[in-house]
Amino acid sequence: MLEPVRTPWQEHLLHLDPMIYAEVNWDFVLVCESSSLDSEAEEKRRQYMSELEKKHFKIKKSKDGKKTFYGVRAPPDIFRKYVRLLKNPDQGCTNLVEEHVSETSRIRIVNFILLKTSIRSGETLDDLIKMKVFETAFPLHKLNETTGKNLKKHWARWRDVIYKQPVQQIRDYFGEKVALYFAWLGWYTLMLFPAAIVGLVVFFYGFVHFNSSKITQEICSANTTLMCPLCDQKCPYWPLSDTCTYAKVTHLFDNEGTVFFAMFMAVWATVFLELWKRQRARDASWWNLYSWDEDEEELALELINNPECDVQMHQHSYLRSTLVLLGVAAMIAILIGIAQALVVYRVVATVFFMRSSWNFLSEHANTAAVMSGAVLHYFTIVIMTKVNRMVSTYLCNLEKPRTFTERENSFTTKVFTFQFVTHFSSLFYVAFFLGRINGYPGNYMRIAGEWRLEECHPSGCITDLFIQMCIIMVLKQTLSNCMEFLSPFIKYKIRTLKDRRSRVHSEQGSEDHVTEAWRANYRLGEVHVFSLFDEFLEMVIQYSFTTIFVAAFPLAPLLAFINNVLEIRLDAIKMTRLQRRLVPRKVNDIGIWLQVLEAVGVLAVITNGLVIAITSDFIPRLIYKYAYGPCAQGQEDIDCLTGYINQSLSTFRTQDFDRRTHVSVDVYPNTTECRYRDYRNTDYSFSVQFWHIFAARLAFVIIFEHVAVCIKFIAAWFVPDVPQSVKNASLQTKHTDLLNQLKEMPEETDEQNSSPHPYRNLLEDLSMIERSTEV
Numbered sequence: 001m002l003e004p005v006r007t008p009w010q011e012h013l014l015h016l017d018p019m020i021y022a023e024v025n026w027d028f029v030l031v032c033e034s035s036s037l038d039s040e041a042e043e044k045r046r047q048y049m050s051e052l053e054k055k056h057f058k059i060k061k062s063k064d065g066k067k068t069f070y071g072v073r074a075p076p077d078i079f080r081k082y083v084r085l086l087k088n089p090d091q092g093c094t095n096l097v098e099e100h101v102s103e104t105s106r107i108r109i110v111n112f113i114l115l116k117t118s119i120r121s122g123e124t125l126d127d128l129i130k131m132k133v134f135e136t137a138f139p140l141h142k143l144n145e146t147t148g149k150n151l152k153k154h155w156a157r158w159r160d161v162i163y164k165q166p167v168q169q170i171r172d173y174f175g176e177k178v179a180l181y182f183a184w185l186g187w188y189t190l191m192l193f194p195a196a197i198v199g200l201v202v203f204f205y206g207f208v209h210f211n212s213s214k215i216t217q218e219i220c221s222a223n224t225t226l227m228c229p230l231c232d233q234k235c236p237y238w239p240l241s242d243t244c245t246y247a248k249v250t251h252l253f254d255n256e257g258t259v260f261f262a263m264f265m266a267v268w269a270t271v272f273l274e275l276w277k278r279q280r281a282r283d284a285s286w287w288n289l290y291s292w293d294e295d296e297e298e299l300a301l302e303l304i305n306n307p308e309c310d311v312q313m314h315q316h317s318y319l320r321s322t323l324v325l326l327g328v329a330a331m332i333a334i335l336i337g338i339a340q341a342l343v344v345y346r347v348v349a350t351v352f353f354m355r356s357s358w359n360f361l362s363e364h365a366n367t368a369a370v371m372s373g374a375v376l377h378y379f380t381i382v383i384m385t386k387v388n389r390m391v392s393t394y395l396c397n398l399e400k401p402r403t404f405t406e407r408e409n410s411f412t413t414k415v416f417t418f419q420f421v422t423h424f425s426s427l428f429y430v431a432f433f434l435g436r437i438n439g440y441p442g443n444y445m446r447i448a449g450e451w452r453l454e455e456c457h458p459s460g461c462i463t464d465l466f467i468q469m470c471i472i473m474v475l476k477q478t479l480s481n482c483m484e485f486l487s488p489f490i491k492y493k494i495r496t497l498k499d500r501r502s503r504v505h506s507e508q509g510s511e512d513h514v515t516e517a518w519r520a521n522y523r524l525g526e527v528h529v530f531s532l533f534d535e536f537l538e539m540v541i542q543y544s545f546t547t548i549f550v551a552a553f554p555l556a557p558l559l560a561f562i563n564n565v566l567e568i569r570l571d572a573i574k575m576t577r578l579q580r581r582l583v584p585r586k587v588n589d590i591g592i593w594l595q596v597l598e599a600v601g602v603l604a605v606i607t608n609g610l611v612i613a614i615t616s617d618f619i620p621r622l623i624y625k626y627a628y629g630p631c632a633q634g635q636e637d638i639d640c641l642t643g644y645i646n647q648s649l650s651t652f653r654t655q656d657f658d659r660r661t662h663v664s665v666d667v668y669p670n671t672t673e674c675r676y677r678d679y680r681n682t683d684y685s686f687s688v689q690f691w692h693i694f695a696a697r698l699a700f701v702i703i704f705e706h707v708a709v710c711i712k713f714i715a716a717w718f719v720p721d722v723p724q725s726v727k728n729a730s731l732q733t734k735h736t737d738l739l740n741q742l743k744e745m746p747e748e749t750d751e752q753n754s755s756p757h758p759y760r761n762l763l764e765d766l767s768m769i770e771r772s773t774e775v
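Numbering (my numbering), first residue to last: 1 to 775.
Set out below in structure tokens:
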């Protein structure tokens, strides 16, 4: 096969930048270190290339300095088989090439054959790469084509952040899986906009009432209300008014709009998923993938590669499943243990900060402990992310999944489960356990019998939850995005600089423009089969932050919206300019991620209901307002929450402190009583008001969750998953196909109709036997 002749303009473009013109003749490039011809690695490479030649692949070998490149191109017969077996599966593509196969399908087919080809000893390409026989294998970026040019000029640029994404062109260049990822991310970002607006309104509602809240006014004026010490070793009594600023900040996130926003986000999550299902159905219909069968495609590729292959059957082992479950349970237990270690850190850090000689740190010891604990939690997430991935890979290999999709689904489920526990275990503790299991003065719960557990602020624990979420979400989005972009950018620049220096001092530089294009692709960042998985995981974790605990952090949708607007272009620039071309994957939905999103949506309803009922003071304020406050007593000329703070604090007699508590009395000597946040009688038993609040909280959780779930079901029913136009188009296509098959059937002639039936004599004989039997 002769190589095509390039025009002078193409030669000029290639001389300026080899990436602008990558040879369209070569499907894949394999790279290895140059070595002697008699080496074992060279022998394995020779065997592998010999196997490809038996399949009529065209191969070109080129040495360029210390690297050797092998360009491979598949024969046309492979793609003719693909078209005939699957009946033109690439309808809807705009870049159909040889034998009506799109460029993305061509790369996918060749990649499948390369991975399945093995040498005499049984090693496949993956094995050879692990053995360092080959360094890597990748398809070429072809940015000289119309689609590649448009993506690079009108999509992968920061100036295009506000413009619509060219999903069809993304599909033509990167395949359906990447296209659906960007389509989903764009839809998610668009739907975040109304959620961000509503969250901002709720936040500003609290900001408007920053100073006018009756509760904050009572806290700020409580100069004579002495609170019990926050630690055991020479901690003083302190006036409640010291927490005035903290109480005002708490009101920003714990106000009347919190319940509405939590309900709104529950409906939003359902509507978002239902509308995405409709959009996905449209895309799949436009791409002729609405009824696409992955198993059929895989079997076709297996037959194309080897007609005598044996079908790999589904397998299931109860022993392996039991081992996987035990491994998952053990890993979750370890992650929960790490979360408890963070709790111990905050307890110890609070005591340490209180004893600090720096007055500002000692005065805000609790807040400093919470913030430093959140930062430590973030670094724990960074470390455990790598550990979670390794454990998930091991457990996934233990299951022995049949197909790549089954492996990816299994891997996704495990990694997301581990990541979810890593991210949210500490948040669940702050939301539902902090300040509720620590006991009361004189009878504190202690760690190792020494350190007291943390207490909630007199105005509630919701601000601690807000601080945790804010720090983790901001750090994760800013630092992760910086590393995600800067790391491949810096590596690419370093590789380019080293390559230029080595070629200046080397006399072996190749004058072959094809090899120059291969080297330009080789300099780009390496990708792997789960590269797109990392992008999905990042966004789904963000979606979890946006919906779970959103009642405590109404600004989460706004932060997510801003991040995603930049994330789309960041990923686009990274995929087109900084990384090698991803091997296209054919899919018709986002896979198991949809089930993960639905599970997160259900958990978000439950969690937000619990946050409002347990973490916030919404229920205690409501009970006081209508059962214990001045309005309940018939006083209508006074704020209904007057006296709420005093009612929510119990009294402790200082003579009942245990022997481990040593109070500093330098500031407030002769103190006989102090106050603490709880609902207890004088004998320290729970009061009637405590049980009223407990019953109201339980009732609220039940009502909130049932109402929210009903609304979710109604919204899911009201918004069909598949548009009627898509259903009608699919129905019309089936009707047309059946009609064409009917027309192709041969019609019966008059002679055929008049000729006797071949079994007519036999039928007559049977009929006579039946009549004689009856007689």
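Where a beta carbon is used, it is the ideal one built from N, C-alpha and C, also for glycine. Note that the structure is predicted; figures quoted are calculated from it, not measured.
Backbone CA spacing between residue i and residue j [nearest angstrom]
i	j	result
I336	M384	12 Å
I590	K277	10 Å
H662	L361	21 Å
A266	N223	41 Å
A195	W268	7 Å
L641	N481	45 Å
R548	T496	Note that residue 548 is Ile in the sequence shown, not Arg. The alpha-carbon atoms of I548 and T496 are separated by roughly 44 Å.
D232	S213	33 Å
L273	Y181	14 Å
L151	S487	22 Å
T478	I562	11 Å
F193	L698	33 Å
D617	A716	32 Å
L559	L190	13 Å
I162	L275	21 Å
I568	L537	15 Å
N359	L252	27 Å
N288	E176	11 Å
E308	V514	36 Å
S426	I462	14 Å
Cβ-based neighbour list, residue i, same chain, cut-off 8 Å, excluding 5 preceding and 5 following
i	result
I109	A74, I78, F79, Y82, V101, L301, I304
V382	none
Q279	A183, W187
R320	L398, E399, K400
L570	N481, E484, F485
Close beta carbons around residue i, own chain, < 6 Å, minus the five adjacent residues each side
i	result
P672	Position check: residue 672 holds Thr in this sequence, whereas Pro was assumed. So the list reads T654, once near-sequence residues are dropped.
P630	I638, T642
A632	Y626
S392	F411, K414, V415
K116	N305
Bridge partners - residue i, DSSP secondary structure assignment
i	result
R675	M227, T651
Y440	N443
H662	Q233
P76	Its beta-bridge partners do not exist; DSSP assigns none.
W451	I447
W238	M227
F657	Answer is none; F657 lacks a bridge partner.
R680	F686
Q340	Q340 pairs with nothing; no bridge assigned.
Element boundaries [beta strand (DSSP E), containing residue i]
i	result
V271	Not the beta strand (DSSP E): V271 falls in the alpha helix (DSSP H), residues 257 to 286.
E400	As written in the sequence, residue 400 is Lys, which differs from the Glu given in the question. Segment: none, K400 is in no beta strand (DSSP E) and carries neither H nor E.
T68	67 to 73
C32	28 to 33
Extent of the continuous alpha helix (DSSP H) to which residue i belongs
i	result
D64	First-last for D64: 58 to 64, but that is the beta strand (DSSP E), not the alpha helix (DSSP H).
H251	244 to 253
T736	724 to 744
Close-in-space but distant-in-sequence residues of the same chain around residue i (CB under 7 Å, 5 per side omitted)
i	result
A729	S285
R46	none
Length at least 4, wholly inside the stretch 519 to 551: the alpha helix (DSSP H) runs in chain order:
531 to 547
At 3 residues or longer, and completely inside the stretch 112 to 143: list those beta strand (DSSP E) runs for me, N to C.
136 to 139
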